[in-house]
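Using numbering that gives the first Met the number 0, read the sequence shown as starting at 0 and increasing by one per residue.
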Amino acid sequence: MSELTVRAEKLDAVDELAAKRAEFVLDGTVYLDGNSLGALPAVVPGRVEDVVRRQWGELRIRSWEESGWWTAPERIGDRIAPLVGSAPGQVVVGDSTSVNVFKALVGAVRMAGDGRDELLVDATTFPTDGYIAESAARMTGCTLRPVAPADVPGALGDRTAAVLLNHVDYRTGRLHDLPGLTAAVHEAGAIAVWDLCHSAGALPVGLDEHGVDLAVGCTYKYLNGGPGSPAYLYVRAELQDRFASPLPGWNSHAEPFGMRTGYEPAPGALRGRVGTPDILSMLALEAALEVWEGVSVEAVRAKSLALTDFFLECVAAHVPEGRVECLTPVPHEERGSQIALRCPDAGDVMKRLIEQGVVGDFRAPDVLRFGFTPLYVGFADVERAARVLARTLA
Numbered sequence: 000m001s002e003l004t005v006r007a008e009k010l011d012a013v014d015e016l017a018a019k020r021a022e023f024v025l026d027g028t029v030y031l032d033g034n035s036l037g038a039l040p041a042v043v044p045g046r047v048e049d050v051v052r053r054q055w056g057e058l059r060i061r062s063w064e065e066s067g068w069w070t071a072p073e074r075i076g077d078r079i080a081p082l083v084g085s086a087p088g089q090v091v092v093g094d095s096t097s098v099n100v101f102k103a104l105v106g107a108v109r110m111a112g113d114g115r116d117e118l119l120v121d122a123t124t125f126p127t128d129g130y131i132a133e134s135a136a137r138m139t140g141c142t143l144r145p146v147a148p149a150d151v152p153g154a155l156g157d158r159t160a161a162v163l164l165n166h167v168d169y170r171t172g173r174l175h176d177l178p179g180l181t182a183a184v185h186e187a188g189a190i191a192v193w194d195l196c197h198s199a200g201a202l203p204v205g206l207d208e209h210g211v212d213l214a215v216g217c218t219y220k221y222l223n224g225g226p227g228s229p230a231y232l233y234v235r236a237e238l239q240d241r242f243a244s245p246l247p248g249w250n251s252h253a254e255p256f257g258m259r260t261g262y263e264p265a266p267g268a269l270r271g272r273v274g275t276p277d278i279l280s281m282l283a284l285e286a287a288l289e290v291w292e293g294v295s296v297e298a299v300r301a302k303s304l305a306l307t308d309f310f311l312e313c314v315a316a317h318v319p320e321g322r323v324e325c326l327t328p329v330p331h332e333e334r335g336s337q338i339a340l341r342c343p344d345a346g347d348v349m350k351r352l353i354e355q356g357v358v359g360d361f362r363a364p365d366v367l368r369f370g371f372t373p374l375y376v377g378f379a380d381v382e383r384a385a386r387v388l389a390r391t392l393a
């Protein structure tokens, strides 16, 4: 037994989150793709069966009130709120991340006021965010400027309306400076919009603490909500009365059943709603979030850093020198919860890893991505993954 294997067993023995593994449906696979789709929490299948058979099958229309369907978007939003550092009443669940990015960006431009006709967008962003930003800029008459996150402070000006940034880069796992960049955006008089898809549930975000204006995120990665589970929108309490959604659906009306011809937005975060909630996936998400009971985001972050540190150590020990290049920053303050390795034949390598029971993913043209979800990934998993990677590359 190697020294690293022994260390992995010792680390697993003192892991305060190790018991959480029992709350997920797992097998012998080393699953390092939770940054794309989280594992299934064990409580979800039974809850979904109840929603389908009893709430829908027996109660039918009565479930909008008796089963709490109508209030699900804000109720589940309040459950997500502590995971992103938000007080209650500021997060609403519904729609996709793309739709929420659109709502947030157009709403931000409207709040920015006259004379501000420029949108800055993270130049390294996930493509959809860029597409949505381009459409939002076109609709609002703004100029769109892609800017690397580190260059944002120097690119801000008195014409900047809003800035859309990713907290963690989806490709490299680089963690951007949310507090510092938000402060710079505010100093320029603009609105800060953050995409939390690759950070929520993996590390502290601190939306309230750092004065973030608007934020969006998905729930199927580190929050384990299931494929296509609804996203969420955060609107800071002080801005809610000014937030004018570009999608004023009946669900965000002050009197949704009044069926009035004129639109009057609901108070608070409710104005972030649009249409009828997707109840089946939303209640599956609500059940999935139960795994967070008794878990602090700080403990998750500590284990995430320990896991990624150990993986880098194991890769250095096992993988032939020069075979891979780490794209993820080594400093903790610049690292999310994934490790991205550049490898010339990455697509084929990942296929062979999956065949051997180590599941990560591949990003063209040459990146192997490994996501570390602290609630169910252990240190023995990490050491095994590095050994299999070394054997595959040998």
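Every residue gets a Cβ at the ideal spot worked out from N, C-alpha and C, and that includes glycine.
Check                                                                                                                     : Outcome
Where R362 sits in the DSSP three-state scheme                                                                            : strand
Beta-carbon contacts of G67 that lie in its chain and below 8 Å, excluding the five residues immediately before and after : R74
From A385, R386, G377 and A384, residue whose alpha carbon lies closest to that of A18                                    : G377
Length of the line joining the Cα atoms of Y30 and T307                                                                   : 14 Å
Inter-residue Cα distance where the pair is T218 and A287                                                                 : 10 Å
Sequence-distant residues of the same chain with beta carbon closer than 8 Å to E254, five excluded per side              : E263
Among T96, P145 and R158, nearest to K220 - alpha-carbon criterion                                                        : T96
Cβ-based neighbour list, L82, same chain, cut-off 8 Å, excluding 5 preceding and 5 following                              : A199, G200, V204, L222, W291 and V296
P319 versus L340 - alpha carbon distance                                                                                  : 13 Å
Supposed close pair G293, S336 - CB separation, criterion 8 Å                                                             : Actually they do not touch by this definition, with Cβ atoms about 20 Å apart.
Other residues of its chain near V42: CB distance less than 8 Å, five sequence neighbours each side excluded              : E22, A286, A287, E289 and V290
Reduced DSSP secondary structure (H/G/I, E/B, other) of V211                                                              : coil
At least three beta-carbon pairs within less than 8 Å, the region 151-158 to the region 109-125                           : yes
Buried or exposed by the 16-neighbour rule on C-beta atoms within 10 Å, applied to T142                                   : exposed
Three-pair Cβ contact test at 8 Å for the region 97-112 versus the region 238-250                                         : yes
For N165, three-class secondary structure by DSSP                                                                         : strand
Pick from G153, A86, E186 and W193 that is closest to D128, judged by C-alpha positions                                   : W193
Length of the line joining the Cα atoms of T28 and G76                                                                    : 32 Å
F310 burial status per 10 Å Cβ neighbour count (16 or more: buried)                                                       : buried
Residue nearest to V357 in terms of C-alpha spacing, selected from A86, D344 and V348                                     : V348
C-beta atoms of H209 and Y169 nearer than 8 Å                                                                             : no
Simplified DSSP state of H252, which is helix, strand or coil                                                             : strand
Run of the alpha helix (DSSP H) containing E133, from where it starts to where it stops                                   : P126 to T139
Spatial distance of L388 from T171 (CA atoms)                                                                             : 18 Å
Helix, strand or coil at T142 according to DSSP, with G and I counted as helix                                            : strand
Buried/exposed call for I60, threshold 16 Cβ in 10 Å                                                                      : exposed
Limits of the unbroken beta strand (DSSP E) element including A339                                                        : Q337 to R341
Residues that DSSP places opposite C325 in a beta bridge                                                                  : L340
C-beta atoms of L206 and S85 nearer than 8 Å                                                                              : yes
Strand pairing of A316, partner residues [DSSP]                                                                           : DSSP, once it has assigned bridges, lists no residue as partnering A316.
Beta-carbon proximity check, Y231 vs V323, cutoff 8 Å                                                                     : no
DSSP-derived helix/strand/coil call for G370                                                                              : strand
Under the three-state DSSP convention, the category V290 falls into                                                       : helix
Beta-carbon proximity check, R144 vs L119, cutoff 8 Å                                                                     : yes
For L119, the three-state DSSP class (helix, strand or coil)                                                              : strand
Three-state class that DSSP yields for V151 in the structure shown                                                        : helix
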